[in-house]
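Count along the sequence shown starting at 1, add 162, and that's the number in this note's numbering.
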Amino acid sequence: MRSDRHTASPALKIAAIGGLLFLHLPILLIFAYAFTTEEKSYQWPPPGFTLKWFGVAWERPDVWQALTLSLKVGAIATAIALVLGTLAAAAVSRSKFFGREAISLLVILPIALPGIITGIALRSAFSILDIPFSMWTIILGHATFCVVVVYNNAVARFRRTSGSLIEASYDLGADGFQTFRHVILPNIATALLAGGMLAFALSFDEVIVTTFTGGQQSTLPIWMLEELIRPRQRPVTNVVAMIVVLATFLPILAAYYLTRDGDQIAGGGK
């Protein structure tokens with residue numbers, strides 16, 4: 163039996179490898195510079211390798227403060243996004259009303275706008291309302307685009323979930339909460355989990371919106387940006403960059419595996 167798949171040409175393979183190297187080689191350089199013995203400049207190849215900077219980063223309280231703030235902001239912003247994004251997705255996908263498409267566009271608009279526009283708008287709003295800049299203003303800023311990520315995942319899964327399952331649940335005597343718990347939630351759970359992981363990853367490494375909404379607060383990416391202008395202990399910044407890469411890569415990888423078989427939904431048919 164002949165296979166429908168064609169073997170890629172050598173030129174196409176070389177182009178694919180070149181593209182991957184272009185995307186990921188700079189990240190590997192960050193990993194290499196995290197182990198360098200040179201303190202104030204970047205040299206290639208590195209003059210030597212050491213684990214010293216991991217200990218230095220571990221002992222610096224400003225790193226821990228920035229990391230703790232990033233984790234808090236990411237967790238709370240993701241929780242807000244899961245609630246609002248799921249409710250918005252349910253309203254848009256399961257109901258028909260005038261202006262539904264316009265509302266859907268308004269929900270996804272924040273992630274399409276440049277971050278600097280969102281940051282300026284939020285800073286102006288906080289200033290007009292006389293809201294002091296704090297961790298909560300950062301959370302509100304991050305929630306604006308985290309909601310979009312959860313919404314996109316949830317609305318796609320809602321649309322692939324058969325409405326007959328919900329109707330059957332009501333016919334069998336279940337109320338709205340029981341239907342959501344036993345029918346809807348199991349069908350959208352992986353989409354919500356994937357959306358939450360992606361939202362957390364976006365929040366964890368956000369810089370522009372945080373710059374306008376953070377005041378004197380420094381999340382881990384802001385801390386890295388400030389450290390890059392200092393000539394001392396630059397490898398510490400690369401050590402922290404490794405943490406950021408891992409903290410964002412792992413949720414994205416998990417989200418990919420959770421959603422790659424999203425077409426196989428209970429009641430959704432083929």
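In this text, a Cβ means the ideal position worked out from N, Cα and C, and glycines have one as well.
It should be emphasised that the depicted structure is a prediction, and the values quoted were computed from it without experimental measurement.
Span separating the alpha-carbon of residue i from that of residue j
i, j, result
"residue 229", "residue 381", "7 Å"
"residue 432", "residue 322", "Because the pLDDT at residue 432 is just 28, under 50, the model does not fix this residue reliably, and the point stays unresolved."
"residue 349", "residue 355", "12 Å"
"residue 207", "residue 264", "54 Å"
"residue 414", "residue 360", "6 Å"
"residue 309", "residue 246", "7 Å"
"residue 330", "residue 345", "10 Å"
"residue 187", "residue 178", "14 Å"
"residue 305", "residue 173", "43 Å"
"residue 255", "residue 269", "13 Å"
"residue 211", "residue 250", "51 Å"
"residue 397", "residue 404", "11 Å"
"residue 307", "residue 291", "21 Å"
"residue 375", "residue 275", "16 Å"
"residue 339", "residue 419", "29 Å"
"residue 182", "residue 191", "14 Å"
"residue 221", "residue 248", "41 Å"
"residue 408", "residue 213", "18 Å"
Same chain only: Cβ atoms within 7 Å of residue i, ignoring 5 sequence neighbours per side
i, result
"residue 367", "383, 406, 410"
"residue 244", "312, 354, 358"
"residue 277", "370, 371"
"residue 293", "299"
"residue 232", "366, 381, 382"
"residue 296", "377, 379"
"residue 235", "297, 300, 301, 304, 365, 381"
"residue 193", "404"
Assigned exposure category for residue i - 16 Cβ within 10 Å defines buried
i, result
"residue 313", "buried"
"residue 351", "exposed"
"residue 226", "exposed"
"residue 284", "buried"
"residue 363", "buried"
"residue 176", "exposed"
"residue 260", "exposed"
"residue 163", "Note that residue 163 scores 46 on pLDDT, short of 50, meaning its location in the model is unreliable; the coordinates nonetheless yield the value given after this. Result: exposed."
"residue 281", "buried"
"residue 316", "buried"
"residue 189", "exposed"
"residue 279", "exposed"
Close beta carbons around residue i, own chain, < 6 Å, minus the five adjacent residues each side
i, result
"residue 401", "196, 215, 216, 219"
"residue 238", "301"
"residue 273", "307, 310"
Cβ distance (whole Å) where residue i is taken to contact residue j below 8 Å
i, j, result
"residue 389", "residue 373", "Rounded, the Cβ-Cβ distance is 15 Å, inconsistent with contact."
"residue 252", "residue 320", "6 Å"
Residue i at chain B interface by Cβ criterion, 8 Å
i, result
"residue 288", "In summary, chain B is missing from the structure at hand, where a single protein chain is found."
8 Å Cβ shell around residue i - same chain, five flanking residues per side excluded
i, result
"residue 386", "399, 402, 403, 406"
"residue 266", "254, 317"
Segments assigned alpha helix (DSSP H), at least 4 residues, entirely inside the region 330 to 377: 338 to 341, 347 to 366, 370 to 375
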